[in-house]
Amino acid sequence: MQQSLPLLAFLLVPFIGAALFLVLPKKSDRLPHLLTMGTTMVALALLTWLTLNNPAEQRFYVEWMRPIGLNFSLWLDGPALFFAWLVTGMGFLIFLYAGWYMDPKDSPWRFFGTMLLFMGAMLGVVISKNALLMFFFWELTSVSSFILIGHWHEKATARAGALQALIVTGAGGLCLMSGIAGWFWMMGGAAAGPDALEWDMIWANKGAITGTTASLVFMILVLLGGFTKSAQFPFHFWLPGAMEAPTPVSAYLHAATMVKAGIYLFGRLYPIYADEPMWLFLLGTAGTVTMLIGGFMALLSNDLKQLLAHSTVSQLGLITAYYGFGHGLVETDHKLPLDLLLIASHAFFKGALFMLVGIIDHGAHTREWKRLGGLLKVMPITAVLTMIGCASMAGVPLTFGFVAKELFLKASLDLHTDLGIFKYGLPALAIFASIFTAAYCYRMAISPFFGKPRDPEVHAHEGGFLALFSPGLLIGLCLVGGLYVPLIEGPLSKLVNSEFYGLDSHFKFAFFHHVDKLLWIAVGLFSIGFAFFMVGGSFEKVYATINSPAPFRNTYRAIFDDGLPKFAKWLTNTVQSPSLSRNALLTFVALILFVGGAAFQSGAFPKIGLHWENPPVLAFGIVVLIAVSVMVMMTHRVSLIRLIALSPVGLLVAIYFLVYKAPDLALTQILVEVVTLLVILLLLFRLPQRIERPEKRSKLVIPAAVAIACGLIMGAITFIGSESTLRNQPTFEGWPTVSEYYVQNSKHPHELHEGDSAEYPGAANLRAGGGKNIVNVILVDFRGFDTLGEITVLGIAALGVFTLLLYNRDRRRSPEWRKERRAEVHSVVTFGGGPRQEPVVREAMWDGGSLILKELARIIPSLILVFAFVLFMAGHNAPGGGFIAGLMASVALAVLFISFRKSEIPELYNFKFMQLIPIGLLFAVGTGLVAIALGLPFLTSGYTYIDIPFIGNSEVASAMAFDLGVFLTVVGVTMLIIQKFGSEQ
Amino acid sequence: MNAPLLPILLPLVGAIFCLFGWKSLGYQRVISGIVSIALPIIAICQLFFIRAEGVQVVRMGMWPDVFGIVVTVDLLGAIMICLSAITQCVSWFYIVAGAAKPDEERFLLHPLFLLLGTGVAWAFSTGDIFNLFVSFEIILIASYALISHSNEKTQLREAFKFVVLNVVSSAVFLLSAGFAYGMFGTLNMAEVAVRIAQAGPTPEATLLGTLLLFVFGFKAALFPMFYWLPHSYPKAPIGVVAYFSGILTKVGVYCLYRIFTLIFRDPVAMSEWFQPLILAIGGGTMLVGVLGALSQMTFRRILSFHIISQIGYMIFGLGVFTPFALAAGIFYIIHHIIVKASLFLVAGCVVVNEGTDNLKKVSGLLKVYPGLAVLFLLSALSLAGIPPLSGFYGKYGLIVEGLSERHYIYVAISVATGLLTLASMMKIWRLGFWGELERVDESHPKNTKVIYATGLLVAVSLFVAVFSGWLFKLTTEAADQLFSRDAYIEAVLGERGVEALRSQTASSKEVATGDSAWY
């Protein structure tokens, strides 16, 4: 099929117009209106062209996302064409009117831009051939409606109305989406082919999506989309709230077009669902109930715009009910006759009436009929137009509205159902509701225009030509359609010549030709309606006694404005505690639940067993000692004592490492202990000196239980992990295990024999790591990338500290900071309740009080440094290496720090240790980059032998450079922290 | 050969050079700018390369097979690296445009941020469990340094909680890595996968999987371990908070996608334990996050809670566990990262220009910043899943697939969450952008440059929406690669790995191939 570019252009024109609004410089106040009119005229021209050039053949199709059945496909079948004309034509008239209505200073760019956006979205809804694509535009109409209702967003009522409309239609949109998703699934999902969600395909395959319970759910979901959008009971409350919008918006979106989107959807669903019994029940009931409620509320409204809003609700109910009444016609090859006439009729008179109320509002500065009266003299044209419009709304003969009314009454009296409650109940309800329609039409047509002005302060004046043109034209159409139906019916039937919307040729409109029961019913309605109008005031009393001011709106408010936020707040305050210990508790509980659940579910715990051949008594003793240290720590409250109690733990762990023959680890552990202790001592007097006990001991029970449970679980996991025999088997035949491989390759190059490679097929790759210390070779070679990461972590940690102190330095220069700080210092919790301990620690550590320490410090650091150098050089073959050497060197420097004042060793105090970090990292990364430059993988190591004077032929491995990087980073990090904390005084 | 390392090494080297001349802000900006602009270009090239050439592998130190550390980048990894690079790049523009105060920016913001990027790219690239732990350490310490960066009391307090809780989870990670090595004698993910397949259904594998689910779930802020996130993220410097919100938790999500597609595939354990657990967690995460958002009154806190709820969607995709659900989940991740980061940029614009983002204090911003309002609306609606913006496709895909896999309750939760998301986004709009103009400080200096930088990222999200069809194809390929896992294992272990897998799984019912029929 040929792609119809004009069709695409027709859809895009409003969007392009809206986009222009975003981009153009917003200088002029009049330009937006002109631009809108221009855009709409282009759209009208394109639509005319499309209408004249075989519209049914106009298609545009691009596959968008096949797995969800989404295509960008457009068409112009009968209803699409009808609605396209409705949207564009009404748009043209209402935009014209808006140019008069809107104050040019009132954000015209936003207003007209959004109006165009809405027009595009609405066109998209009606000309989409793909149901999912229609949903796209459907949501866009909700959003643009939201922005337009909130146009006067300084008013709280406007904001609330906009949000309410968005939430209700948004919720409905999500239901619609779920329903479409359900269709797609029931049709077989992606297997249904790319075009499963095209309307014609859905109709053709309707067997797949009807007849089961699930299909009923999806039918209800899809219908909910329509009910919310078209303000059907029980979702009718949002539409009157939406009347906070400027009048052109109300006329266009909330009377003529957007609220018809739901109706449009019913039309599309009609061929699918109309024969389902639920169809009549849902649409018939919702429609007639909506009619009744809307009519009742309209009669009670004081504000004429509210009256129209409620009447719109009521009329939408009428159209919905009309679709419902079409139940049972599809199978008998009858078509639903001329539903579009109803829609057109409503759009004409309701659009016009909204605009006319806008004129009254402008002229009289009020819309309350209880303040108006006698306007016939001041605003004769408006008055006459309004009266004709009301006549059409009521369905008075000679107007277009009568034709619609006749259609509706006929359908309601001719229901295809055997259920008595529907067959007689629904028509009765519909006719009863129609009485209210007549009554509020009298109200609208009589109260503001006849009699004397009720409020002497109201001075009204007539609107201008620009104001009256659009409503006048629409009212004219109402009359023409009523006087001579074929004038409208003819073009309409030519236009709408779709398979599913054919005309029922047996149906006659010509009213004057015969007098039948429909006419008598109509006459009856008008009489009783007039009576209702006369006694309208007493309805207010009835209303007051039942006292139900929109219970559904209140339900909405109870949920979305009140209940939900409160519940959310309660829930969040419960789980989102600001207390760290509570969060930590939750974390551990979660861990217990996760792991416990998994172990229970998979049966892991029975695997734990204690079968050691040689019970590790020594190791067990160490563990007990560690536990004792921790317990001692916990019984004390004074920080310093707690620190001392905790200090054996690190050393015990080091011994543990030694027991398991890991000297490198033990060495590292001891050095880390030393450095950590130094740093903590530097900070200790800045921390709280006492940890307060919780008031109630019982509060500790749960944390203690959780802690024990966590410990047990961790222990169990460790047991299970270490009991495995799996790790000693190779993954593939002939492979070494990882540990075997590391042992094989952690060798001095000259120790390497050809035979070593025999076991492993990848023998060609066997090469020495260039060192005998397997730990160091792992660190700098096998897993050098890990080490690179770890020194980066160290570096970042130090940089973080550095940054914080930079801020401190800057802040300290400000006098406010000093004042604040002074206050803070005085409030520090004191040590053991006695006098402040701070100076004691400081003097001992920083004022160089100890002569012995000073004297020793002249020698010891040099020794340590030499030892660090040895450790570094030996590292690849014996215990040691860059990390250990770095820590060792740092300890040496730290000793100097503790022993001497700044004046004695200014070089050390001023040395920029921070710069060692990037240098170290660069060494480490650089080693890897050299490999890359040589065309080898990152961090590939190499080695060679060179003669060094006094030492002899030595091996130099590239890993040494990497290790140097590690060394420098470690020294930089440790010393940066010690230096900064040390000189913070 | 070393190309997959570029996204890791480039920011690392950049950070090192930044540090050499840190006293000059201009120098830092230039170095960091070169890196930040080069990164997305490299990452996108890498994505296309991997798409054409298959999974890429670097064997570190030229150690054969899996005896050294193996960096393995597949399509999912490449996509994530791209997203990280794009977010980082936009953040650079944003920082330079004035989102960071001069002091804040000078005090090592750039190098720390680059190092954070290093860690993230590292996590997305590595194929080794312990190496992954190392990358998590880098990410954790860098984000700690950044959250506490301005050295204010509230920042330090939240940063402290952040780091303590995360260290707990890191400790569990370390334990799990030890457990994995103790059990299987290897740390390479592909090899662990093969060994678990060889061992058959074992409780140990379930235990390991659950431990890792805890760890990555914690990092991803899943229910019930989400509480560390919402108060700490808003404290990060405004310039980098977009990157935090967009990328960091997604590292956890990525890891969950990785391990549950690659390693823990035993069908019985999957269907009886992992799948129900993951689904329940996903549903809980969606709800608790969105309800949390409803309870907040500051812009960035609302957004932070939404991070949680949307991670729920991603986890829902993993829980459904079909190629299509994974594809939709990955698409959702792409959308989420970009849109969430954009929203934080918008929030940052408000803070930079108005001094606060407390919705009780500012309102009526629409009048002063109409452009910003449009950017917000586009991102907010996208976040709520309103079509045709980018948030719709992934969510809708998940709903369709959730329906066909009959997870009705979770489908219903995800639909409801969508509505509540819309409600809370519109709360920001209603309170912050609508209403009478109210400002804390009339004389606060204006900065419109940051709004342009924000526009960059919103443009990317529109790009995602327009090219959603193509991107969905890409994520489908990525999901197929994940689901069939052959390509990954072959790249790391060679043909024998795939054979070992096949011979072990032939008896079980596992679906080995995930070739999708829809393209």
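The listed protein sequences derive, respectively, from chains A and B. In terms of this note's numbering, the first sequence opens at residue 56 and continues consecutively. In terms of this note's numbering, the second sequence opens at residue 84 and continues consecutively. Glycine included, C-beta positions come from ideal geometry on N, C-alpha and C.
Item to check | Contacts of Tyr-796 (chain A) in chain B (Cβ-Cβ under 7 Å) | outcome: Phe-150
Item to check | CB contact check: Leu-67 (chain A) to chain B, cutoff 9 Å | outcome: no
Next on the checklist: Pairs of beta-carbons, one from the stretch 508–521 of chain A and one from the stretch 421–437 of chain A, closer than 8 Å: are there three or more?
Outcome noted: yes
Checklist entry - From Trp-901 (chain A) to Phe-857 (chain A), what does the alpha carbon distance come to, in whole angstroms? => result Any reading at Trp-901 (chain A) needs caution, since the residue's pLDDT is 49, under 50, leaving its predicted position unreliable; the model's value is listed next. Distance between the alpha carbons of Trp-901 (chain A) and Phe-857 (chain A) is about 21 Å.
Next on the checklist: So, under 8 Å CB-CB, Arg-782 (chain A) and Gly-268 (chain B) are touching, yes? Tell me the CB distance rounded to an integer number of Å.
Outcome noted: 3 Å
Next on the checklist: I want to know whether the stretch 142–157 of chain B touches the stretch 286–300 of chain B - three or more CB-CB distances under 8 Å.
Outcome noted: no
Checklist entry - chain B beta carbons: is any one of them nearer than 9 Å to that of His-88 (chain A)? => result no
Checklist entry - Of the residues A:Val-832, A:Leu-911 and A:Thr-731, which one's Cα is nearest the Cα of Ser-945 (chain A)? => result A:Thr-731
Checklist entry - Mind pulling the alpha helix (DSSP H) runs of 4 or more residues that sit fully within the stretch 172–249 of chain B? => result 185–189, 192–208 and 212–230
Checklist entry - Which residues in chain B sit within 8 Å of Ser-1013 (chain A), going by Cβ to Cβ distance? => result Under the 8 Å cutoff, chain B gives no residues; its nearest Cβ is about 10 Å from Ser-1013 (chain A).
Checklist entry - So, are the CB atoms of Pro-313 (chain B) and Ile-391 (chain B) less than 9 Å apart? => result yes
Item to check | 8 Å Cβ cut-off: residues of chain A touching Lys-244 (chain B) | outcome: Leu-635 and Asn-638
Item to check | Contact set between Arg-142 (chain B) and chain A, taken where Cβ atoms lie within less than 8 Å | outcome: Pro-992
Checklist entry - Between which two residues does the alpha helix (DSSP H) containing Gln-393 (chain B) stretch? => result 382–403
Item to check | Neighbourhood of Ala-491 (chain A) by C-beta distance below 6 Å, restricted to the same chain and skipping five residues each side | outcome: Reading off the sequence shown, one finds Phe at residue 491 (chain A), where the question assumed Ala. Cβ neighbours of Phe-491 (chain A) beyond the five flanking positions: Gly-350, Phe-351 and Leu-354.
Checklist entry - Cα separation between Ser-582 (chain A) and Leu-221 (chain A)? => result 40 Å
Next on the checklist: Below 8 Å on C-beta distance, what does Ser-777 (chain A) contact in chain B?
Outcome noted: Gly-265
Item to check | Environment of Pro-123 (chain B) [buried if 16+ CB atoms lie within 10 Å] | outcome: buried
Item to check | Neighbour-count burial assignment, Pro-973 (chain A), 16 or more Cβ in a 10 Å radius | outcome: buried
Checklist entry - Fully enclosed by the stretch 286–319 of chain A, which alpha helix (DSSP H) runs are 4 residues long or longer? => result 293–296 and 302–306
Item to check | 4 or more residues per run - each alpha helix (DSSP H) lying fully within the stretch 461–505 of chain B | outcome: 474–487
Next on the checklist: Under DSSP, the beta strand (DSSP E) around Asn-126 (chain A) begins and ends at which residues?
Outcome noted: 125–130
Item to check | Contacts that Gly-658 (chain A) makes with chain B (C-beta to C-beta distance below 8 Å) | outcome: Pro-286
Item to check | Cβ separation of Ser-507 (chain B) and Lys-423 (chain B), assumed to be a contact under 8 Å, to the nearest whole Å | outcome: Between Lys-423 (chain B) and Ser-507 (chain B) the Cβ distance is about 14 Å, and since that is not below 8 Å, they are no contact.
Checklist entry - Which of the residues in the stretch 827–840 of chain A, read from start to end, lie with their CB under 8 Å from any CB of chain B? => result Asp-836, Phe-837, Arg-838, Gly-839 and Phe-840
Next on the checklist: Is it buried or exposed, His-208 (chain A), if we count other Cβ atoms within 10 angstroms and call 16 or more buried?
Outcome noted: buried
Checklist entry - How long is the line joining the alpha carbons of Pro-249 (chain A) and Glu-118 (chain A), rounded to whole angstroms? => result 8 Å
Item to check | Delimiting residues of the beta strand (DSSP E) encompassing Arg-142 (chain B) | outcome: 139–142
Checklist entry - When DSSP labels each residue in this structure, what does Asp-1018 (chain A) get in the three-state scheme? => result helix
Checklist entry - Which residues in chain A sit within 9 Å of His-232 (chain B), going by Cβ to Cβ distance? => result Gly-855, Thr-858, Leu-859 and Tyr-862
Item to check | Met-943 (chain A) vs Leu-920 (chain A) beta-carbon contact at 9 Å | outcome: yes
Checklist entry - Are the beta-carbon atoms belonging to Ser-467 (chain A) and Cys-533 (chain A) less than 9 Å from one another? => result no
Next on the checklist: Is there a C-beta anywhere in chain B that falls below 9 Å from the one on Pro-301 (chain A)?
Outcome noted: no
Checklist entry - Cβ of Val-832 (chain A) within 9 Å of Cβ of Ala-1014 (chain A)? => result yes
Checklist entry - Is it right to say Asn-965 (chain A) is buried, meaning 16 or more other beta carbons lie within 10 angstroms of its own, or is it exposed? => result exposed
Next on the checklist: Considering Cα atoms alone, identify which of B:Pro-453, B:Leu-331 and B:Arg-585 is closest to Pro-80 (chain A).
Outcome noted: B:Pro-453
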